[in-house]
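Asker: If you use full-length UniProt numbering, the sequence shown corresponds to residues 1 to 238, in order. For every residue, glycine included, the Cβ atom is placed at its ideal position computed from N, Cα and C. This is the structure I want to talk about, given as structure tokens.
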Amino acid sequence: MLGTLAAWEAGVYFWHVPVYLLPPPSLILRTLIQNAPVYLHASLVTFGEALLGLCLGTCIGICIAVLVTFWPTLEHGVMSLAILVKSTPLVAIAPLLTIWLGFGWQPKVVITALVTFFPVLINVLVGLQTIDASLLDLFRSWRASRWEFLWHLRLPHSLPYIFAALKVSTPLALIGAIVAEWTGASGGLGRQMWLAYTNLNLPHLFAAIFILAAAGILLYWLTTQVEQRLAFWYLSSQ
């Protein structure tokens, strides 16, 4: 990483690349430091929207996966609707939600939830349905109820799949929040990026990009740490 930044800095210096095309990392760092309060407030807004949308999308994905597992006849209709939502471009949905819900946090959370729920749905559904037949027979011999099957067998088996989905959905949550902010927002990193773009202020634009990249790496690392602490007992049994 440091080598890449050093090569970037050297390349901009030796080839005299204009700032309005590609600013050097040193200028981007100075921009971050000089405008730290602005970026801190914008980051809190965007990260709050992203985390709320991620939680909502994850809950929706898990609930739908459980319903489909309990009632398999729903799978065709539910998956068709989920694929339809997934296939619809965000740039087409975001303006509509902004018109309907306003310029507050609500449309950003909804967009983020729409982006994140599909990977969770697919992964959790696989985890709930791919249970070893011998374990199913064992629980049936104990006359376990449907909820006991879910709580003691299917959900523990799905933990690795849930965390695999979260590793994909967590960066997508940031992207969803940013795209939603581009269509209209009073604050957030997306608004800062849009203002920087319209004014060709690339140091400010790259500063926001650096913050998002660092946040994505941090959230991925945190997800991995939580996985190691919550799912270690299941992984060690495989």
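Mark residue 143 as exposed unless 16 or more other C-beta atoms lie within 10 angstroms of its C-beta, in which case mark it buried.
Answerer: Position 143 of the sequence shown, counted from the start, is the residue given in the question as residue 143. It is exposed - the Cβ of residue 143 has fewer than 16 other Cβ atoms within 10 Å.
Asker: DSSP three-state call for residue 193: helix, strand or coil?
Answerer: As a position in the sequence shown, residue 193 is number 193, starting the count at 1. Helix.
Asker: According to DSSP, simplified to helix, strand and coil, what is residue 146?
Answerer: Indexing the sequence shown from 1 puts residue 146 at position 146. Looking at residue 146 - three-state DSSP - the assignment turns out to be helix.
Asker: Counting along the chain, where does the alpha helix (DSSP H) carrying residue 188 start and finish?
Answerer: The count along the sequence shown starts at 1 and reaches residue 188 at position 188. Premise fails: residue 188 is in no alpha helix (DSSP H) and is neither H nor E.
Asker: In whole angstroms, give me the CA-to-CA distance for residue 235 and residue 218.
Answerer: Residue 235 sits at position 235 when you count from the first residue of the sequence shown. Residue 218 sits at position 218 when you count from the first residue of the sequence shown. Residue placement at residue 235 is poorly supported in this model, since its pLDDT is 49, which falls under 50; the coordinates are not used for a value here.
Asker: Tell me the DSSP secondary structure of residue 132 in three-state form.
Answerer: Locating residue 132 in the sequence shown gives position 132, where the first residue counts as 1. Three-state DSSP puts residue 132 in coil, outside helix and strand.
Asker: How many Å lie between residue 23 and residue 3 at the Cα?
Answerer: The sequence position of residue 23 within the sequence shown is 23, counting from 1. The sequence position of residue 3 within the sequence shown is 3, counting from 1. Approximately 17 Å between the Cα atoms of the pair.
Asker: I'd like to know whether the C-beta atoms of residue 64 and residue 121 end up nearer to each other than 8 Å.
Answerer: The residue labelled residue 64 in the question sits at position 64 within the sequence shown. The residue labelled residue 121 in the question sits at position 121 within the sequence shown. The answer is yes: Cβ separation under 8 Å.
Asker: Going by C-alpha distance, which of 51, 163, 81, 160 is nearest residue 111?
Answerer: Here residue 111 refers to the residue found at position 111 when the sequence shown is read from its first residue. Comparing Cα-Cα distances from residue 111 to each of 51, 163, 81, 160, the minimum goes to 51.
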